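The structure appears right after this line, and notes come after that.
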Amino acid sequence: YVAKEHRTGVELYAPYKDRNSTARLSLFGELRRALVEDELEMFYQPKVHLGERRAVGMEALVRWRHPQRGILPPEEFVPLVEQSYLMRSFTHEVLEKTLPQVARWQAEGVRLPVAVNLSARELLDPTLPDIVGAALRRHGVRPEALRLEISERVMVSEAEAVTPTILALADLGVSLSLDDFGTGYFTLARLNRLPVEEIKIDESFIRRIVDDADGHVIVSSAVDLVGSLGMRAVAEGVESEAIAKAAAAMGCYAAQGRYFAPPMEAVAATEWLLREGGLEPAAEKPTHFA
Ligand code: C2E
Ligand code: MG
Ligand code: MG
Ligand code: MG
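Taking the UniProt record's numbering, the leading residue of the sequence shown gets 396, the next gets one more, and so forth.
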């Protein structure tokens, strides 16, 4: 603090040469506390069918409700989690928060698959399929109700190492989604060797499909290929009706983005589903998997 006050003068009180590592260390300590004190929370963002404009799935996105700094997005702490021994506790925590919500939705008749994101480090843990399987049983959630999103970048850098784990996860009966498609130069021919049902086209491409001719061609040929392999393309980061229309015209099955709904707390997400998601409460009309 003293050093900050003397920013323009000589820093007499700089006890640590490497401020980054000091900051990292304190963030790490706080993260450990966050896990103990239950400061992580899942937000949920709907995936919307582009033709029918109804919800066909939800994605769970982690947030850190920091007591001083407010709600922190995953970029601010997931990379640090990945580099630490907290990884397993984090994975456990995400499942322990998401699966009870999935069970609640199922009981209320909201039978939509809910997706959880997995990072490279999580997929490099050979015990992950056991962890996921045990969590599903513990919460009485059918595997079809859970989808796992795996970034394309992971499939490029760690394909060899993570493939057995991915196959074991698929054996549990959960469905798989290839996330951030277009950011990792994944060989498209390798796609059909994985039991992937859904390909999510990264928002950096989706943003370009309206005004940018090259962007349009790239995405529309990717969507064609995804379709010819029997998979569904989902557009990420849709922020306008123009983009939603263009994505639909290209053959994207569903879309996600602030234009439809932002990531929301569980209560707000449930309200959104009943109000705008094209779903009815269980008592009136039970809904089924898309
Ligand atoms: P992702 O899986 O690609 O998630 C999509 C991101 O796009 C989310 O950022 C979401 O909030 C954001 N988004 C939603 N609507 C729009 C929109 O209209 N425009 C734009 N530009 N972006 C939109 P978020 O929630 O900050 O998550 C960032 C990344 O963090 C995720 O990318 C995912 O890779 C990772 N992540 C999130 N939750 C978890 C988790 O529980 N575990 C792990 N391992 N990673 C997670
Ligand atoms: Mg995702
Ligand atoms: Mg994504
Ligand atoms: Mg993305």
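Built from N, CA and C at the ideal position, the CB exists for glycine as well.
On a predicted model such as this, the values are computed, not experimentally measured, just so you know.
Where residue i falls, given that 16 or more other Cβ within 10 Å makes a residue buried
i, result
"Q463", "exposed"
"G672", "buried"
"A540", "buried"
"V397", "Because V397 carries a pLDDT of 39, less than 50, the predicted location of this residue cannot be relied on, and the following value inherits that uncertainty. Under this definition V397 is an exposed residue."
"K680", "Caution is warranted here: a pLDDT of 44 is assigned to K680, below 50, making its placement in the model unreliable, and the coordinate value is therefore given only provisionally. Its Cβ having fewer than 16 others within 10 Å, K680 is exposed."
"H401", "Below a pLDDT of 50, predicted positions are generally treated as unreliable, and H401, at 42, falls in that range; the measurement from the model is reported next regardless. The residue is exposed, with fewer than 16 neighbouring Cβ atoms inside 10 Å."
"Y408", "Residue placement at Y408 is poorly supported in this model, since its pLDDT is 45, which falls under 50; the coordinates are not used for a value here."
"E593", "buried"
"T665", "buried"
"Q651", "buried"
"D609", "exposed"
"R585", "exposed"
"L674", "buried"
"P474", "exposed"
"R670", "exposed"
"R516", "buried"
"E598", "buried"
Test item: CB-CB of residue i and residue j under 7 angstroms
i, j, result
"T578", "E547", "yes"
"A502", "W459", "no"
"S635", "Y648", "no"
"P538", "V557", "no"
"P590", "L564", "no"
"V536", "A510", "no"
"W518", "T560", "According to the sequence as given, residue 518 is Leu; it is not Trp. Contact: yes."
"P508", "R532", "no"
"T493", "M437", "yes"
"I601", "A630", "yes"
"V605", "I638", "yes"
"L567", "G622", "no"
"V618", "M645", "yes"
"L435", "E488", "yes"
beta-carbon residue i near ligand 1 non-hydrogen atom, thresh 6 angstroms
i, result
"P468", "yes"
"P441", "no"
"P658", "yes"
"E432", "no"
"E491", "no"
"R653", "yes"
"L456", "yes"
"S514", "yes"
"E671", "no"
"E547", "no"
"E488", "no"
"E436", "no"
"V527", "no"
"V473", "yes"
beta-carbon residue i near ligand 3 non-hydrogen atom, thresh 6 angstroms
i, result
"K595", "yes"
"E631", "yes"
Identity of the residues DSSP links to residue i by a beta bridge
i, result
"A643", "In the DSSP output, where bridge partners are listed per residue, A643 has none listed."
"L571", "L543 and V591"
"K442", "G452"
"I596", "F576 and A630"
"H461", "G465"
"A502", "In DSSP, A502 forms no bridge with anything."
"M659", "Y439"
Minimum Cβ-Cβ distance from residue i to chain D less than 7 angstroms
i, result
"A637", "No chain D appears in the structure shown, which is made up of a single protein chain."
Residue i CB to nearest heavy atom of ligand 5 below 6 angstroms
i, result
"E598", "Within the structure as shown, ligand 5 is missing, the only ligands being ligand 1, ligand 2, ligand 3 and ligand 4."
query = What residues sit near ligand 2, counting only those whose C-beta is closer than 5 angstroms to one of its heavy atoms, in chain order?
reply = N512, E544 and D574
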